[in-house]
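Novice:
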Amino acid sequence: MLVFLSLLGIFLSLILLVFNARKYTASVYLGLFFFFTSLYGLYQYILLYSKSVTLISLFLVNLSIAVSPIYLIGPMLFWYVRSVLTDNSRLRKTDIWHLLPMIVYFFSALPHAFLPWQEKVEVAQTVVKNQEYMMIYEATLLSKILPAVLIFIFGFSWSWDIRYGPLNCSLVTYHKKNRLPFCRNNIS
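For the sequence shown, the tail end lands on 189 under this note's numbering, and the numbers increase by one without skipping.
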């Protein structure tokens with residue numbers, strides 16, 4: 002079921018990006034939000050439910066750098082809400098800070114992408130035999146530097162994306178308080 006929903010989400014997000022991006026520029030952020038969310042669901046299915054050693058060895062270590070865009074799920078939703086409310090879908094110079102978690106994760110996972118294939122297969126075989134091994138496997142350079150608790154607290158995990166919920170609510174509240182009109186021509 003998770004595979005079906007993830008593939009359907011990827012397909013629908015690509016349709017949204019291809020056919021709706023020119024008319025509504027804010028829909029680019031929405032399409033990327035759905036794409037990254039679906040990609041994360043597919044990644045989780047392969048790591049948690051798949052018993053294929055090849056797929057796990059590809060996705061756990063080799064494609065861990067490809068998973069770094071999951072850290073853009075929160076910013077994409079924030080940029081979409083902001084562009085719908087303000088009718089301005091351009092990014093600002095300060096928006097580069099939203100890319101910081103993805104950049105940190107990408108560079109910390111990069112050395113593990115060049116591990117020998119046999120070592121990746123051994124890790125995948127261990128994961129297939131014991132799912133808890135994934136919790137202690139240090140898939141990135143960052144996990145060697147910082148313990149997992151500090152990574153979670155300082156936002157280099159899904160807690161980073163959870164912080165965007167209150168940020169989006171504060172945008173809506175600000176527009177309601179100041180009686181700013183919602184821009185109807187930018188809603189997709």
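Beta carbons: idealized from backbone N, C-alpha and C, even for Gly.
Tell me whether the beta-carbon of Val122 lies closer than 9 Å to the beta-carbon of Val54.
Specialist: Cβ atoms of Val122 and Val54: closer than 9 Å.
Novice: Excluding the five sequence neighbours on either side, which residues of its own chain have a C-beta within less than 7 Å of the C-beta of Ser28, listed in chain order?
Specialist: Closer than 7 Å at the Cβ level, and outside the excluded window around Ser28, lie Leu17, Asn21, Ala22, Ser189.
Novice: Classify Ser7 as helix, strand or coil using the three-state DSSP reduction.
Specialist: Three-state DSSP puts Ser7 in a helix.
Novice: For Asp1, does the three-state DSSP call read helix, strand or coil?
Specialist: Given that the chain is displayed from residue 2 to residue 189, the structure contains no residue 1 and the question cannot be resolved.
Novice: With burial defined as no fewer than 16 other Cβ atoms inside 10 Å of the residue's Cβ, what is the status of Val4: buried or exposed?
Specialist: Looking at its Cβ environment, which holds fewer than 16 other Cβ atoms inside 10 Å, Val4 is exposed.
Novice: Hey, out of Val128, Cys170, Val173, Ser171, whose CA is closest to Phe60's CA?
Specialist: Here the closest residue by C-alpha is Val128.
Novice: Count the other C-beta atoms from every protein chain shown that fall within 10 angstroms of the C-beta of Thr95, then say buried if there are 16 or more, exposed otherwise.
Specialist: So Thr95 counts as exposed.
Novice: Please report the straight-line C-alpha distance between Phe115 and Leu40, rounded to a whole angstrom.
Specialist: Roughly 22 Å between the two C-alpha positions.
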